[in-house]
Structure formats: C-alpha cells, structure tokens
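What follows is one structure encoded as structure tokens, with my remarks underneath.
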Amino acid sequence: MDSVTLAWHLQSLDWEQYIISFDYGQRHAKELEFAAECAYDLGADHDVIDLRELSQFLNSSSLTDPNIDVPDGHYAEETMKITVVPNRNMIMLSIAVGIAVAGQYQRVFVGVHAGDHFIYPDCREAFYNALNEAVQLGTDGFSAWDDDVFAVATPFVGITKADIVMKGAALGVPYEATWSCYKGKEIHCGRCGTCVERKEAFRLAEVADPTVYEDEDFEVAAYRG
Ligand SMILES: [Zn+2]
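So the number in this note's numbering is just where the residue sits in the sequence shown, counting from 1, plus 1.
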C-alpha cells in the first residue's frame, strides 16, 4: 500500500521512476507480483533484486524463517518483534543507493511512514537523517545529487498509514492491486500485524477497503492502553 501509493504520488509529480523490489525470502513474496503490476500500470521500469541467499543468515524473523509462525495481532504489541528482519531497510537502501549512483538517478524514494512502528527502528526519521549523512559521505563526488539535497527521500515519514490511504484514494490508487499480508497466502489473512494495520488505515481514512480478508472481523482493540 505504502510503496504503491508512493509510486502514484511520484507519478503525479512527474517523476520518471525506476521501481525496484527486493526478494529477501519473505513468505509474502507475492507482493513482488503486485509491485510489477503497479510498475506496469505506471509505465515504469521494474526489477527485483534477488537477496534470497541472504535470508538464511537473517532467519530470526518470522518473515523469512518458515519455522517461525507470523503472529496475529497489532504491530504495537511486543509479540510483533518476531516479524522484524534485522536491519532490513538499511540493507535494501544501501543497494538502492548504489544502483541510483550507478544509474545517475536523482533520488531514492522509500515509502516508510509514521505510526506505531517503534518495533521497526529503521522506519524512523532519525534513522533516515543519519543514513543520508552516511550516503553523502560514502558517495561524495560520485552521485548526481546536489549537496543540499537528501539522497534518500521519505515523503511519508511524517504521516500515518491512514493519511497515505486518503492521499492514494484521491490519486485513484487501485488498492485491490496491492498486497500487505505477511502470511502470503491466497487472500489477505486479516489477522496478522500488517493486515490489522491495513484494515485500520482504511477505517480511519474513511475509505472503502476493497481487500478480501479471510477473517474480515478480526480487530485488535485497546492496545494503546
Ligand atoms: Zn495477514
């Protein structure tokens, strides 16, 4: 949802895009097909970077280890830590930055957003500020970027997933052609952290949710305490 909305948002701002996805052995690798469909709809080039070899070394997460179940519930719960893939965004963004420098692209965009993601430290603004400093130091003189410009841009970092849905609805994003569920089965499970968040975002945004869930009614209440 976030990445597809970002792609539509950038399209509306006339950015010419090259979309990359990562196959890191995630059990919901079907999200890659939806990414390809999005790129096709927008007339953008799309490639999948194959990091499956790496997943065996990152096997403490339920997203990459078939022996660990994906928990049901809300992201904000302690149990969700098992879905964290260690340093995932840093790994992917390092690669994306290398590709961007090599191809003389002007920016790397990533669809991270604000919310209850304190279990995912690499979704926070402070991380991106530090990352950009490192990128600037590591690519100085090699990139097509202006010195005063953030190479890795996070236009959604200050807004919530519900805000993203509102923005996407206004842009006409086909949310039925997006994938969230970490379990990666035939249809969205409706119970895992990302399904719960997806439902919540549509509800808060007051936008009709076109997603078909295995468990439509599952909701997690009162987690904020
Ligand atoms: Zn799910």
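In this text, a Cβ means the ideal position worked out from N, Cα and C, and glycines have one as well.
By how many angstroms is the C-alpha of residue j removed from the C-alpha of residue i?
| i | j | result |
| --- | --- | --- |
| Tyr129 | Arg108 | 13 angstroms |
| Tyr224 | Gly74 | Confidence at Tyr224 is low in this model, with a pLDDT of 45, below 50, so its placement is unreliable and the value that follows should be read with caution. Rounded to whole angstroms, Tyr224 to Gly74 spans 10 angstroms at the Cα level. |
| His10 | Val197 | 24 angstroms |
| Ala30 | Asp24 | 7 angstroms |
| Gln137 | Leu33 | 30 angstroms |
| Asn90 | Phe143 | 22 angstroms |
| Pro67 | Trp16 | 38 angstroms |
| Gly226 | Glu126 | Note that Gly226 scores 37 on pLDDT, short of 50, meaning its location in the model is unreliable; the coordinates nonetheless yield the value given after this. Distance between the alpha carbons of Gly226 and Glu126: 25 angstroms. |
| Phe219 | Gly173 | 27 angstroms |
| Gly194 | Gly104 | 36 angstroms |
| Ile100 | Leu59 | 23 angstroms |
| Ala229 | Gln18 | Any answer about residue 229 is impossible in this case: the structure gives the chain only from 2 up to 226. |
| Lys184 | Tyr214 | 12 angstroms |
| Val86 | Ala171 | 32 angstroms |
| Val111 | Tyr121 | 15 angstroms |
| Ile188 | Gly26 | 19 angstroms |
| Ser95 | Phe157 | 19 angstroms |
| Ala154 | Val113 | 10 angstroms |
| Ile50 | Ser22 | 6 angstroms |
| Tyr106 | Val71 | 36 angstroms |
| Asn88 | Cys124 | 10 angstroms |
Bridge partners for residue i per DSSP, in chain order?
| i | result |
| --- | --- |
| Cys193 | Asp73 |
| Ser22 | Val49 |
| Val153 | Val109 |
| Tyr176 | Partner(s): none; Tyr176 has no beta bridge. |
| Tyr214 | His189 |
Under DSSP, the alpha helix (DSSP H) around residue i begins and ends at which residues?
| i | result |
| --- | --- |
| His10 | 3 to 13 |
| Tyr129 | 126 to 140 |
| Glu32 | 32 to 43 |
| Ser95 | 89 to 103 |
| Asp164 | 162 to 172 |
Apart from the five residues on each side of it in sequence, which residues of its chain come closer than 6 angstroms, Cβ to Cβ, to residue i?
| i | result |
| --- | --- |
| Gln12 | Leu43 |
| Ala40 | Ile20, His47 |
| Pro211 | Tyr176, Glu177 |
| Ala163 | Ala202, Leu205, Ala206 |
| Ile92 | none |
| Val208 | Val166, Ala170 |
Spatial neighbours of residue i within its chain, please: CB distance less than 7 angstroms, with the 5 preceding and 5 following residues excluded, ordered by chain position.
| i | result |
| --- | --- |
| Thr179 | Met2, Val5, Phe35 |
| Asp216 | Cys190, Gly191, Arg192 |
| Ser181 | Met2, His189, Thr195, Cys196, Arg199 |
| Gly116 | Thr161, Lys162 |
Near residue i, what residues of its chain come up, given a Cβ to Cβ distance below 8 angstroms and the 5 sequence neighbours on each side ignored?
| i | result |
| --- | --- |
| Thr1 | Limits of the chain in this structure are 2 at one end and 226 at the other, which puts residue 1 out of reach. |
| Ala8 | Gln18, Ile20, Cys39, Ala40, Leu43, Ala45 |
| Arg53 | Asp24, Tyr25, Gly26 |
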